[in-house]
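Asker: Questions regarding the structure given below will be posed in turn.
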Amino acid sequence: MKILVYAEQQDGQLKKSALEAVSFARQSFESLGDLNITVLLGGQVDTQAAADLGLYGANSVWMPSENILNTFEVHLHSLAIQQALAESGAEVLVMAHTYCGKSLAPRLSVAWDAVLAAGVNGIPECAADGSWKVQRTVYSNKGIASYAVSGTRRILSFLPNALKPVECGSPCSVTPWNVSVNTGAARTRSLELQKVQGKIPLTEAERVISGGRGLKGPEHWHLIEDLAEVCDAATACSKPVSDMHWRSHDEHVGQTGITIKPDLYIAVGISGAIQHLAGVSSSKTIVAINTDQEAPFFKVADYGVVGDAFEVLPQLTQAIRRLRKG
Amino acid sequence: MNILVCLSQVPDTTTKISFSSDNKELNKAGVQYIINPYDELALTKALELNEASGGGSITVVHVGGADAEPVLRKALAIGADQAVRIDTAPMDARQVAGEIAHFVSSASFDLVLAGRESIDYNGGLVGGMLAEYLDWPLVNVATSIEGGAGGSMIVCRDMDGGREKLEVNLPAVITCQKELTEPRIPNMRGIMAARTKPLQVLAPQGKGADMHVLDHALPPSRQACQFFGVHQMNELVEALHQQAKVL
Numbered sequence: 004m005k006i007l008v009y010a011e012q013q014d015g016q017l018k019k020s021a022l023e024a025v026s027f028a029r030q031s032f033e034s035l036g037d038l039n040i041t042v043l044l045g046g047q048v049d050t051q052a053a054a055d056l057g058l059y060g061a062n063s064v065w066m067p068s069e070n071i072l073n074t075f076e077v078h079l080h081s082l083a084i085q086q087a088l089a090e091s092g093a094e095v096l097v098m099a100h101t102y103c104g105k106s107l108a109p110r111l112s113v114a115w116d117a118v119l120a121a122g123v124n125g126i127p128e129c130a131a132d133g134s135w136k137v138q139r140t141v142y143s144n145k146g147i148a149s150y151a152v153s154g155t156r157r158i159l160s161f162l163p164n165a166l167k168p169v170e171c172g173s174p175c176s177v178t179p180w181n182v183s184v185n186t187g188a189a190r191t192r193s194l195e196l197q198k199v200q201g202k203i204p205l206t207e208a209e210r211v212i213s214g215g216r217g218l219k220g221p222e223h224w225h226l227i228e229d230l231a232e233v234c235d236a237a238t239a240c241s242k243p244v245s246d247m248h249w250r251s252h253d254e255h256v257g258q259t260g261i262t263i264k265p266d267l268y269i270a271v272g273i274s275g276a277i278q279h280l281a282g283v284s285s286s287k288t289i290v291a292i293n294t295d296q297e298a299p300f301f302k303v304a305d306y307g308v309v310g311d312a313f314e315v316l317p318q319l320t321q322a323i324r325r326l327r328k329g
Numbered sequence: 070m071n072i073l074v075c076l077s078q079v080p081d082t083t084t085k086i087s088f089s090s091d092n093k094e095l096n097k098a099g100v101q102y103i104i105n106p107y108d109e110l111a112l113t114k115a116l117e118l119n120e121a122s123g124g125g126s127i128t129v130v131h132v133g134g135a136d137a138e139p140v141l142r143k144a145l146a147i148g149a150d151q152a153v154r155i156d157t158a159p160m161d162a163r164q165v166a167g168e169i170a171h172f173v174s175s176a177s178f179d180l181v182l183a184g185r186e187s188i189d190y191n192g193g194l195v196g197g198m199l200a201e202y203l204d205w206p207l208v209n210v211a212t213s214i215e216g217g218a219g220g221s222m223i224v225c226r227d228m229d230g231g232r233e234k235l236e237v238n239l240p241a242v243i244t245c246q247k248e249l250t251e252p253r254i255p256n257m258r259g260i261m262a263a264r265t266k267p268l269q270v271l272a273p274q275g276k277g278a279d280m281h282v283l284d285h286a287l288p289p290s291r292q293a294c295q296f297f298g299v300h301q302m303n304e305l306v307e308a309l310h311q312q313a314k315v316l
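The listed protein sequences correspond, in order, to chains A and B.
Here this note's numbering is used: position 19 in the first sequence is 22, and no number is missing along the way.
Here this note's numbering is used: position 52 in the second sequence is 121, and no number is missing along the way.
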C-alpha cells in the first residue's frame with residue numbers, strides 16, 4: 004500500500020507531530036505488508052532531520068525545492084498535497100489533527116474525493132476486507148465513537164499525543180521535489196504573525212499544569228509557572244479564569260476550550276466541573292490539588308492532595324526539582 | 070452583507086452523556102438542546118458586522134430534523150432575518166457540507182460563518198469542506214473579524230503556537246472561535262418578532278454520508294484516587310516517577 008504522510012514544520016524545524024505522523028502510518032499499516040511511505044515536508048527543513056524520518060518508518064522524503072510552502076497558507080498547502088498525492092499514487096494520506104491539519108483535511112477530502120477519518124485517537128484496526136475501524140472521542144471527551152471507514156481513497160488525521168513515535172528503521176533518502184503551485188494560488192494574505200515564544204504549545208505538551216479560581220488572582224500565577232518550568236510543562240487554566248481575563252483564552256482547556264491529552268495533567272484549585280473534565284479526562288495521569296475534599300476532580304484524578312495551593316505548590320515544585328537534579 | 074450562518078444544535082454543556090441500549094445513538098431522554106456555542110458566536114458576529122456597515126441580511130441554515138426548530142427560532146429571536154432547515158438526518162460532516170453548499174450555490178451570499186466545531190461530534194470539518202465545495206477561501210478558527218478595504222475582511226486566527234492576522238477576499242468561509250464576541254440574550258421584542266420571521270424547510274439534495282458510526286462507548290473509568298498529605302510531596306513525586314512514569 005502506498006501512503007503519503009504530510010509532515011508539518013515551523014521555522015525550518017520539523018514539528019513533533021511530523022514524527023508522530025510517520026510513526027502513526029508505519030504502526031497502523033505495517034501488518035498489511037508491502038508498505039511504502041512517502042513523506043511530503045510542509046516546507047524546507049534540515050536535510051539530516053528529514054532523512055531521520057526514516058528512523059520512524061518513512062521510505063522516502065520529498066523536500067520542496069522552492070520556499071513557497073515555508074509559511075503555512077492553507078490553499079497553497081492543499082494544492083501541493085494534491086500534487087504529491089497524484090505523483091506518489093498514494094491511496095491513503097496521513098496527517099496530524101493540528102490547527103493546520105484541521106484546515107487542510109476537510110478541504111482535501113472534498114478536493115481529492117476521499118473518505119476522511121478525522122481526529123482519531125489511536126491506530127486503526129484493519130479488517131480483512133480492507134476496511135478500518137477507527138475510534139474518536141465525541142461529546143467533548145464524554146464519549147467514544149467507533150466508525151467503519153472504507154473507500155478507495157482515505158485520509159486519516161490523528162490527535163497529537165495519540166501515540167509515541169517508535170524507532171524502527173534507518174535514515175532514508177531525501178529527494179528534492181518541485182512544487183508546481185505558484186504564489187498566485189494563495190487566497191489569504193498574512194499581515195502579522197504573533198508566535199508564542201519560549202512556551203510549549205498546549206496541544207503538543209506532554210505535561211500540563213492548570214490553574215483555576217483557587218489561585219485567587221493572576222498575580223499568583225508564578226506558582227503555576229514555576230511548577231511548569233521544573234517539569235517542562237505547558238500552562239493552562241479553567242474557563243472562569245479565562246472569562247475573568249486572569250489568563251488569555253488560548254490557555255482555556257475544557258469543553259468549549261482546548262481538548263488535550265497529555266501524559267500528566269496537574270489541576271490546581273479547579274473544582275472539576277463536567278465541562279472542564281470533558282477537555283482533560285483523556286490525560287494519562289491526573290493530579291488534583293484542591294482545598295475541598297468533595298471537589299468532583301478527585302473522582303477522576305489518579306492522585307490527589309487536599310490542601311491549599313499556596314502551601315502545596317512550592318513544596319511540589321521543590322520536590323520535582325530535587326528529583327530532576329538527582 | 071448577505072451573511073449565512075451555519076447552525077447546529079447540541080446537548081447543553083452540563084449534559085451527562087449516556088447512550089441507547091444498542092449504543093448506536095445518544096440517550097436523548099432529558100437532554101436540553103442549545104445552539105452550538107461556537108455557532109452562536111458566529112451569529113452574534115454576523116449581527117455586529119451588519120450593524121457596523123448598516124445593511125445586509127442574515128440567514129441561518131441547519132441540516133436536520135424538525136426537532137431543531139426551537140433553536141432556529143431562538144436564532145431568529147437573537148436577530149437573524151430568516152431561517153432555512155434542510156430536512157434530512159445527516160450522518161457525517163461531508164453530508165452536511167454538501168447540503169449547505171448546494172443551498173449556497175442557489176443563493177447569493179457574501180460570507181459564510183460557522184462555529185469552529187460543534188461540541189457534540191467535535192469534527193470541525195463542515196467549514197473546510199464547504200469552502201472546498203464552493204471553491205471559496207477558508208479561514209479557520211477566527212478570534213476577530215473586521216471589514217477591510219475593497220470588500221476584503223481582516224481576520225485573526227489561532228494557529229499552532231501562535232496567532233496570525235490575515236486578509237481574505239469575499240466571498241469566504243470563516244469559522245469562529247471563542248473570544249470573537251460575547252453571545253447575546255434575545256429580548257422580548259426579538260422573541261415576538263421571531264414568531265413571524267420566515268423559517269423555510271427545503272428538501273435535501275440527497276447526498277450520502279462517508280462515515281458510519283458502529284457504536285458508542287463511555288470513556289473507561291479511572292482507578293480510585295490515591296491521596297497524599299500536604300507534607301508528602303516527595304512521596305507524590307516518587308509515585309509520579311516510579312508508578313505512573315510521567316516524570
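All residues carry an ideal CB built from backbone N, CA and C; glycine is no exception.
Computed from a prediction, not measured in an experiment: that's the story for all the values here.
Measure the C-alpha to C-alpha separation of Val-132 of chain B and Gln-151 of chain B and round it to an integer number of angstroms.
Answerer: 15 Å
Asker: With DSSP as the reference, label Gln-47 of chain A as helix, strand or coil.
Answerer: coil
Asker: Can you check DSSP and say which residues form a bridge with Tyr-306 of chain A?
Answerer: According to DSSP, which records beta bridges pairwise, Tyr-306 of chain A is partnered with A:Val-290 and B:Gln-295.
Asker: Measure the C-alpha to C-alpha separation of Leu-119 of chain A and Lys-287 of chain A and round it to an integer number of angstroms.
Answerer: 27 Å
Asker: Hey, quick one: how far does the alpha helix (DSSP H) through Tyr-102 of chain A stretch, first residue to last?
Answerer: 102-114
Asker: Is the CB-CB distance between Tyr-107 of chain B and Cys-225 of chain B below 8 Å?
Answerer: No, the Cβ-Cβ distance between Tyr-107 of chain B and Cys-225 of chain B is not below 8 Å.
Asker: Consider the Cβ of Cys-129 of chain A: report whether some Cβ of chain B lies at a distance smaller than 8 Å.
Answerer: no
Asker: In the DSSP output, which residue or residues are listed as bridge partners for Pro-67 of chain A?
Answerer: The partner list for Pro-67 of chain A (beta bridge, DSSP) reads A:Trp-180.
Asker: Report all residues from its chain with a CB closer than 7 Å to the CB of His-300 of chain B; omit the five preceding and five following residues, and keep chain order.
Answerer: none
Asker: With DSSP collapsed to three states, give me the class of Met-261 of chain B.
Answerer: helix
Asker: Let me see if you follow: with CB-CB separation under 8 Å, is Leu-287 of chain B close to chain A or not?
Answerer: yes
Asker: Please tell me whether Tyr-9 of chain A has its Cβ less than 8 Å away from any Cβ of chain B.
Answerer: no
Asker: Give the DSSP bridge partners of Pro-318 of chain B, in chain order.
Answerer: As shown, chain B starts at 70 and ends at 316. That puts residue 318 of chain B outside it, with no answer to give.
Asker: At the 8 Å Cβ level, is Cys-175 of chain A part of the contact set with chain B, yes or no?
Answerer: Interface residue (Cβ-Cβ distance to chain B less than 8 Å): Cys-175 of chain A is not classified as such.
Asker: Going along the chain, which residues of the segment 286-317 of chain A sit with their C-beta nearer than 8 Å to a C-beta in chain B?
Answerer: Lys-287, Thr-288, Ile-289, Val-290, Ala-291, Phe-301, Lys-302, Val-303, Ala-304, Asp-305, Tyr-306, Gly-307, Val-308, Val-309, Gly-310, Asp-311, Glu-314 and Val-315
Asker: Going straight from the alpha carbon of Glu-209 of chain A to that of Pro-179 of chain A, what length do you get?
Answerer: 33 Å
Asker: Report the partner residues of Ser-213 of chain B according to the DSSP bridge assignment.
Answerer: B:Cys-225
Asker: Quick check on the DSSP output: the alpha helix (DSSP H) that includes Met-302 of chain B runs from which residue to which?
Answerer: 302-307
Asker: Less than 8 Å between the beta carbons of Ile-6 of chain A and Phe-32 of chain A, yes or no?
Answerer: yes
Asker: State the start and end residues of the unbroken beta strand (DSSP E) segment that holds Glu-233 of chain B.
Answerer: 231-238
Asker: Quick one, which residues of the segment 264-290 of chain B are near chain A if we go by CB-CB under 7 Å, in chain order?
Answerer: Asp-279, Met-280, His-281, Val-282, Leu-283, Asp-284, His-285, Ala-286, Leu-287 and Pro-288
Asker: Taking 8 Å as the threshold (beta carbon to beta carbon), is Ser-284 of chain A in contact with chain B?
Answerer: yes
Asker: With Tyr-9 of chain A as the anchor, note down where its beta strand (DSSP E) starts and where it stops.
Answerer: 5-10
Asker: By the criterion of Cβ-Cβ separation under 7 Å, what are the contact partners of Met-160 of chain B in chain A?
Answerer: The contacting residues do not exist; Met-160 of chain B stays about 10 Å from chain A at best.
Asker: For chain B, check one thing: does any of its Cβ atoms lie closer than 8 Å to the Cβ of Lys-145 of chain A?
Answerer: yes
Asker: Can you list, in chain order, the residues of its chain whose CB lies under 7 Å from that of Arg-327 of chain A, leaving out five sequence neighbours each side?
Answerer: Val-233
Asker: Quick check: is the beta carbon of Ala-111 of chain B nearer than 8 Å to any beta carbon in chain A?
Answerer: For Ala-111 of chain B, no CB of chain A lies under 8 Å from its own CB, so it is not counted at the interface with that chain.
Asker: Looking at the secondary structure, which residues open and close the beta strand (DSSP E) in which Met-160 of chain B lies?
Answerer: Element bounds for Met-160 of chain B: n/a, residue is neither H nor E.
Asker: Give the residues of chain A in contact with Cys-310 of chain B, contact being defined as C-beta atoms less than 8 Å apart.
Answerer: Reading off the sequence, residue 310 of chain B comes out as His, not Cys. Residues of chain A whose Cβ lies closer than 8 Å to the Cβ of His-310 of chain B are, in chain order, Leu-326.
Asker: Given a threshold of 16 other Cβ atoms within 10 Å of its Cβ, counted over all protein chains shown, does Arg-325 of chain A qualify as buried or as exposed?
Answerer: exposed
Asker: If the cut-off is 8 Å on Cβ atoms, which residues from the segment 149-165 of chain A count as contacting chain B, listed in chain order?
Answerer: Ser-149, Tyr-150, Ala-151, Val-152 and Gly-154
Asker: Can you give me the Cβ contacts of Leu-199 of chain B inside the same chain, cut-off strictly under 7 Å, excluding the 5 residues immediately before and after it?
Answerer: Listed in chain order, the non-local C-beta contacts of Leu-199 of chain B below 7 Å within the same chain comprise Ala-166, Ile-169, Ala-170, Val-181 and Val-242, local neighbours out to five positions each way being set aside.
Asker: Return the CA-CA distance between Gly-193 of chain B and Leu-38 of chain A, expressed in angstroms with no decimal places.
Answerer: 30 Å
Asker: Using 8 Å as the threshold, is the C-beta distance between Cys-290 of chain A and Ile-269 of chain A below it?
Answerer: Contrary to the premise, residue 290 of chain A reads as Val rather than Cys in this sequence. Closer than 8 Å, so yes.
Asker: Quick one: what's Asp-284 of chain B bridged to in DSSP?
Answerer: Per DSSP, A:Ser-149.
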